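A.B. asks: If you use numbering that gives the first Met the number 0, the sequence shown corresponds to residues 0 to 281, in order.
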Amino acid sequence: MPDLLRKSRRVVGTVNGQATSDGAGVQLSRVIGQPALPDLDPFLLLDAFGSDDPGAYIAGFPSHPHRGFETVTYMLAGRVRHRDNAGNEGLLGPGSVQWMTAGRGIVHSEMPEQENGLLSGFQLWVNLPARDKMMAPRYQEFSASEIPRIVVAPGVKAGLIAGGIGDIQGPVRSGATDAFYADFALEAGSVAEIDLPVAHNAFVYVYRGTLLVGQEATPIAAGSLGVLSLGASLRLDATEDAHALVVAGAPLREPVVRYGPFVMNTEAEIHQAARDYQSGRL
Ligand code: FE2
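1. How far does the beta strand (DSSP E) with Arg274 in it reach, from first residue to last?
2. Whose CB is closer than 6 Å to a heavy atom of the ligand FE2? List the residues in chain order.
3. With the cut-off set at 8 Å, would you say Asp284 and Ile57 are in Cβ contact?
4. Since Gln139 and Arg103 should fall inside the 8 Å C-beta cutoff, what is the C-beta to C-beta distance between them, to a whole number of angstroms?
5. So what's Thr100 in DSSP terms, helix, strand or just coil?
6. Assuming Val30 and Gly16 are in contact, meaning their beta carbons sit under 8 Å apart, how far apart are those beta carbons, in whole angstroms?
7. Three-state secondary structure (DSSP) at Arg66?
8. When DSSP builds the beta bridges, which residues end up paired with Val205?
9. By DSSP, does Phe7 sit in helix, in strand, or in coil?
10. Select from Ser108, Asp38, Phe68 the residue whose C-alpha is nearest the C-alpha of Asn87.
11. So, is Gln122 buried or exposed, given that buried needs 16 or more other C-beta atoms within 10 angstroms?
12. If you follow the beta strand (DSSP E) that Asp38 is in, where does it begin and where does it stop?
13. Select from Ala178, Arg130, Ser119 the residue whose C-alpha is nearest the C-alpha of Asp40.
14. What would DSSP say about Glu88, mapped onto helix, strand or coil?
15. Tell me, to the nearest whole angstrom, how far the beta carbon of Leu233 is from that of Gly213; I am working on the premise that it is less than 8 Å.
16. Report the residue ranges of all beta strand (DSSP E) runs contained in full by the region 139-184; include only those spanning at least 3 residues, in chain order.
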């Protein structure tokens with residue numbers, strides 16, 4: 000550990016998003032949760048969606064369940080309405096984030112609230128530790144104006160959703176995974192060096208431009224993710240204007256058994272989740 004405390008992170012693997020569709024036919028790029036990167040403990044899935052063709056998104060995600068993890072939706076453009084079986088409802092607009100802890104279970108829909116124009120954003124799945132998988136569901140929802148925008152270095156801004164940069168904390172509280180989630184915008188020629196919790200697993204997902212990432216300045220282009228080594232800090236170097244998510248979380252190191260929208264620790268718990276859903280107890 001003493002060594003790690005001084006180490007600047009580097010890219011140990013690069014993954015390209017895989018085109019797929021989910022929900023009722025939403026076209027998206029699956030970055031985590033595909034053969035090249037099945038998971039990155041505690042992260043189970045990362046989808047990027049972005050299209051100005053309504054045919055690619057209009058069918059949305061009609062009613063479906065979740066149990067045992069958290070879904071984090073971060074919108075760049077467009078609007079999505081969510082409704083659940085407990086009567087909760089809300090509209091996610093540009094720059095907003097919804098951190099939903101499904102816990103013991105929720106049945107909800109996530110539907111575009113627009114018939115044309117650009118819809119883009121991300122959904123990340125964060126695992127819950129065994130002791131929290133059956134907790135009561137919880138929402139943390141923040142509009143763009145509630146997410147601090149920090150000048151990290153000349154030409155570098157970050158929207159801070161979870162975790163800390165310097166003395167500033169993002170609004171989301173994430174429990175055992177102690178997540179860091181920030182959206183970086185870098186101007187050409189800018190450089191940032193940020194601190195990350197030293198033993199958290201972490202990745203950089205570039206969604207516009209190309210960035211040189213980590214100690215070895217590994218180029219990561221838009222649509223690709225860099226898996227990072229452990230270490231206390233991360234260097235981002237922009238030779239052109241670029242936008243990227245930087246996400247980190249404490250690994251849970253527990254068995255993961257996943258079946259579609261259920262992520263538990265054992266097969267028996269998955270069967271129980273399916274039975275509970277079928278009998279309307281989610
Ligand atoms: Fe969902």
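Note that CB positions come from ideal geometry on N, CA and C, so glycine has one too.
All of these numbers come straight from a predicted model, not from anything done at the bench.
C.D. replies: Reading from the atomic positions:
1. Counting along the chain, Arg274 falls outside any beta strand (DSSP E), though it belongs to the alpha helix (DSSP H) covering 266-277.
2. Phe60, His63, His65, Thr70, His107, Glu109
3. Here the chain has residues from 0 to 281 only, and residue 284 is not among them.
4. Not confirmed; about 17 Å, so no contact.
5. strand
6. 4 Å
7. strand
8. Ser223, Ala243
9. For clarity, residue 7 is Ser in the given sequence; the question names Phe instead. If DSSP states are grouped into helix, strand and coil, Ser7 belongs with the strands.
10. Ser108
11. buried
12. Here Asp38 belongs to no beta strand (DSSP E), and DSSP marks it neither H nor E.
13. Ala178
14. strand
15. 7 Å
16. 148-152, 155-161
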